[in-house]
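Encoded as structure tokens, the structure appears first; notes follow it.
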Amino acid sequence: MTLEAPFHSLVRDITDKEGKPPLCIISDVFFGWAVNVAHSIGCASITFTTCGAYGTSAYISFWLNLPHRFSESDEFALPGFPDRCQFRTSQLHPFARAADENTSNFPVWTIGPLLPSAASKKCSDSNIFRQRTGKKHGISPEKCIEWLNLHHPGTVLYISFGSQNTISASQMMELALGLEASGKPFIWVLRPPLGFDIKGEFREEWLPEGFEKRMNESKQGLLVQNWAPQLEILSNESIGAFLSHCGWNSVLESLSQGVPIIGWPMAAEQIYNSKMLVEEMGVCVELTWGVQREIERMEVMRVIDLVMNKNEGQGKEMKEKADEIGKRIRAATKDQEEGSSVKALDEFLRTILAKMT
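Using my numbering, you'd call the opening residue of the sequence shown number 75 and step up by one each time.
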């Protein structure tokens, strides 16, 4: 069942009312049927993806070429990417079996980063991000900021795997033990582990015995269920790193605030995002990937110490690079300075309007 029929009816009604079809139909990449509707009424069809350019390009190149079929090892190169960018067959989705014919040479407009306007500046004002819809708060922004302000700048680790992902029970246990042993303060957005309702109630048994009590008493950890005000958290000066699934929106929010990333990619193009962050940008260290691989608390400690050491070594370099990328993200959306995002959107509109002539 799809929305193609009712959408086609809606567009037809609009066409009858206006006396002409829409200039174009912009649809999400997952709504392939919208392309059929656009073609049936003779208007342009534009596909929109919320993924980053690197991840999207990797996805397209893979499905068009299936290069892993021609590699005898776990690693393979993707057409269009430098030879140094090696990808792994073991990280592919099990359904990666076939691809459509090569239909390249379509125009692409990079109109991102698509973030709330408040993210276009680096600040820690908890009152600038207020427009939230349909979210069940696990903690209020005020309480969250109050807890963050108890800690020194750059000392807190933020942990979230997004609203659609979770980790296994054994991974959750080892992560908790590693966090406690690290001694670093942290905010952890908790969801039930793999095999349980991700939107269900969280049980204490999924964490080490007495873990939540110890974290509350020591102020080392703040455990949040359901949803946390992510952009408020990342914009606070106490945040030193973000342990993330590397979903593109989380990546943008983190880097817009100059926060380095500890990667734990799980699905979709997240593997590609993590690879770009590690190998191309130098703002990420990958802890692990997926939900099948086991992790060890000592490795959790090692990676946290590495990334959050802002005084020397790789941690210092990552922070400097994240700050620089944050400046570029904010510059891209500056209208008065003709940011690259604004220019790309203008070019997109000119291209569509040219179809009318």
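All residues carry an ideal CB built from backbone N, CA and C; glycine is no exception.
Please classify residue i as buried or exposed, where buried requires at least 16 other C-beta atoms within 10 Å of its C-beta.
i: A406; result: buried
i: A173; result: Summary for A173: the model assigns pLDDT 37, below 50, so the residue's position carries little reliability; its value from the coordinates is reported in the next sentence. Exposed: under 16 other Cβ atoms inside 10 Å.
i: K258; result: buried
i: K404; result: Strictly speaking, residue 404 in this sequence is Arg, with Lys absent from that position. Burial call: buried.
i: H113; result: exposed
i: Q331; result: buried
i: P334; result: buried
i: Q238; result: exposed
i: N310; result: buried
i: K393; result: buried
i: W137; result: exposed
i: Q388; result: exposed
i: L264; result: buried
Which residue comes first and which comes last in the alpha helix (DSSP H) that contains residue i?
i: D87; result: E78 to E92
i: T425; result: S414 to A428
i: D397; result: G387 to A406
i: P215; result: P215 to L222
Assuming residue i contacts residue j (C-beta within less than 8 angstroms), just tell me the rounded distance between them.
i: L268; j: T240; result: 6 angstroms
i: E343; j: T130; result: 7 angstroms
i: I120; j: T89; result: I120 to T89, Cβ: 18 angstroms. No contact.
i: I100; j: C117; result: Contact flag wrong, Cβ pair sits at about 11 angstroms.
Got a sec, what are the start and stop residues for the beta strand (DSSP E) residue i sits in?
i: Q366; result: Premise fails: Q366 is in no beta strand (DSSP E) and is neither H nor E.
i: I134; result: No beta strand (DSSP E) contains I134, which is instead part of the alpha helix (DSSP H) from A127 to N139.
i: V34; result: The chain is shown only over 75 to 431; residue 34 falls outside these bounds and no answer can be derived.
i: L231; result: V230 to S234
i: I100; result: C98 to D102
i: I120; result: A118 to F122
i: E149; result: E149 to A151
Against chain D, with Cβ distances strictly below 9 angstroms, would residue i count as a contact?
i: I272; result: Going by chain labels, chain D is absent from the structure shown, which holds only one protein chain.
Practice task
Tell me, please, whether the stretch 348 to 358 touches the stretch 219 to 239 by the rule of three or more beta-carbon pairs shorter than 8 angstroms.
Solution key: no
Handout entry: Given 8 angstroms, three or more beta-carbon pairs between the stretch 138 to 150 and the stretch 364 to 383
Key = no
Practice task
Spell out a yes or no on whether the stretch 228 to 236 and the stretch 248 to 265 are touching, meaning 3 or more CB-CB pairs, one atom from each, closer than 8 angstroms.
Solution key: yes
Problem - Runs of alpha helix (DSSP H) wholly within the stretch 240 to 296 (minimum 4 residues, chain order) - result: 243 to 256 and 285 to 292
Problem - Ordered list of beta strand (DSSP E) runs contained in the stretch 303 to 370, each at least 3 residues - result: 313 to 318, 335 to 337 and 358 to 360
Problem - Three CB pairs or more closer than 8 angstroms across the stretch 115 to 128 and the stretch 315 to 334 - result: yes
Exercise for the section: Flag this pair as touching only if the stretch 246 to 255 and the stretch 370 to 390 have three or more C-beta atom pairs under 8 angstroms; answer yes or no. Expected result: yes
Exercise for the section: Please determine if the stretch 273 to 292 and the stretch 373 to 391 are in contact, where contact requires at least 3 C-beta pairs separated by less than 8 angstroms. Expected result: no
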